[in-house]
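Peer 1: I am attaching a structure below and will ask some questions about it afterwards.
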Amino acid sequence: MSRILLRSLALAVCLLFVALGRWQWARALEKEALLAAQAQALAEPVPLPLARALADGDGGLRWVEGEGVFVDAPAILLDNQQRGGRVGVKAYRLFRPLDGDHEVLVDLGWLPLPPDRALPAIARPEGVQRVRGLLAPPPAIGLRLATAGVQADGTRLLLYLDTTELANELQRPLATRVLRLDPALPLGYARDLDLLPNTLPPEKHRGYALQWWGLAAAVAVIALLLGVRRRKA
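First residue of the sequence shown: 107, per the working numbering; consecutive thereafter.
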């Protein structure tokens with residue numbers, strides 16, 4: 107193999123490893139920013155009115171509170187959600203504030219699935235309800251491997267949660283963010299406010315970034331040493 111070809115190959119590998127390191131570092135910064143925004147939202151002494159936060163539509167995290175009703179619409183179940191080492195689903199229902207025009211998906215919490223994967227029935231809370239929680243982006247979307255599975259009672263079983271797609275499917279004015287209910291409220295099921303479930307924390311991304319950059323440096327050093335040996339030979 108010629109010297110030029112070897113150098114080109116080493117350069118390509120170095121650039122690839124550097125790019126992977128930069129991607130991991132960027133993911134760490136994104137997640138740190140998300141956690142910082144969550145901390146700031148939770149530190150607010152007074153919750154923002156839910157209807158106002160939905161009307162703003164700025165996409166940011168907000169600690170909100172408001173009254174409204176759970177509308178007569180299908181329940182939404184997000185599949186493949188782990189909690190305590192068990193696999194289950196996250197349950198969502200549509201909620202409309204009394205003084206607003208937008209509807210929002212309310213994260214009611216997590217439910218386990220039995221071995222036969224029989225889906226739980228998600229009762230719709232009746233009457234006017236006061237809700238409180240963190241208005242946040244929906245869970246991150248991975249691979250879009252399948253579309254919604256519609257059950258006999260209309261319940262949607264999803265592998266990913268895309269609020270824009272869901273709004274178009276249901277033909278409803280659905281907000282792009284979801285409401286993560288305050289775990290202290292008696293409404294719903296087991297839940298928390300963890301924004302990064304089943305994903306790597308920022309420090310892991312930084313560690314992987316350093317590993318990729320270390321590999322890039324190692325390839326560069328090896329290529330340099332091989333070049334020196336060839337010249338001496």
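Backbone N, C-alpha and C fix where the C-beta goes; we use that ideal spot for every residue, glycine too.
1. Could you tell me which residues DSSP puts in a beta bridge with A296?
2. Relative to the C-alpha of G246, which candidate in A145, D222 and N304 has its C-alpha closest?
3. Specify the secondary structure class of R238 as computed by DSSP and reduced to three states.
4. Is Q144 buried or exposed, if buried means 16 or more other CB atoms sit within 10 Å of its CB?
5. Label G194 either buried or exposed according to how many other C-beta atoms from any shown protein chain fall within 10 Å of its C-beta, with 16 as the threshold for buried.
6. Whose C-beta lies closer than 8 Å to the C-beta of G233 among residues of the same chain, with five residues either side of it excluded?
7. Write down the C-beta distance between F201 and V170 rounded to the nearest angstrom, noting that I regard them as a contact closer than 8 Å.
8. Taking the alpha helix (DSSP H) that I228 belongs to, which residues open and close that run?
9. With a 10 Å radius around its C-beta and 16 neighbouring C-beta atoms as the bar for buried, classify D213 as buried or exposed.
10. Ordered along the chain, which non-local residues of its own chain (more than five positions away) have a Cβ less than 8 Å from that of V325?
11. Identify, in the order they occur along the chain, each residue of the same chain with its Cβ nearer than 8 Å to the Cβ of G165, setting aside the five sequence neighbours on each side.
12. In its own chain, which residues sit with a C-beta less than 6 Å from the C-beta of A273, not counting the 5 before and 5 after it?
13. Look up K196 in the DSSP assignment and give the residues it is bridged to.
14. Please look up how many angstroms separate the CB atoms of R113 and A329, rounded, as I've assumed it's under 8 Å.
15. Over what stretch of residues does the alpha helix (DSSP H) that includes G172 continue unbroken?
16. Can the beta-carbon of L287 be found less than 8 Å from the beta-carbon of L140?
17. Using DSSP bridges, identify the partner residues of R286.
18. Can you list, in chain order, the residues of its chain whose CB lies under 6 Å from that of W131, leaving out five sequence neighbours each side?
Peer 2: Taking the geometry as given:
1. W216
2. The sequence given here places Ala at residue 246; Gly does not occur at that position. For A246, the nearest C-alpha among the options comes from N304.
3. strand
4. buried
5. buried
6. V175
7. So it is not a contact: roughly 11 Å between Cβ atoms.
8. First-last for I228: undefined, no H or E at that position.
9. buried
10. A116, V119, C120 and F123
11. P243, T282 and R283
12. L280
13. L184 and W216
14. 7 Å
15. Unbroken run through G172 is the beta strand (DSSP E), R168 to F176; no alpha helix (DSSP H).
16. no
17. D213 and L240
18. A315
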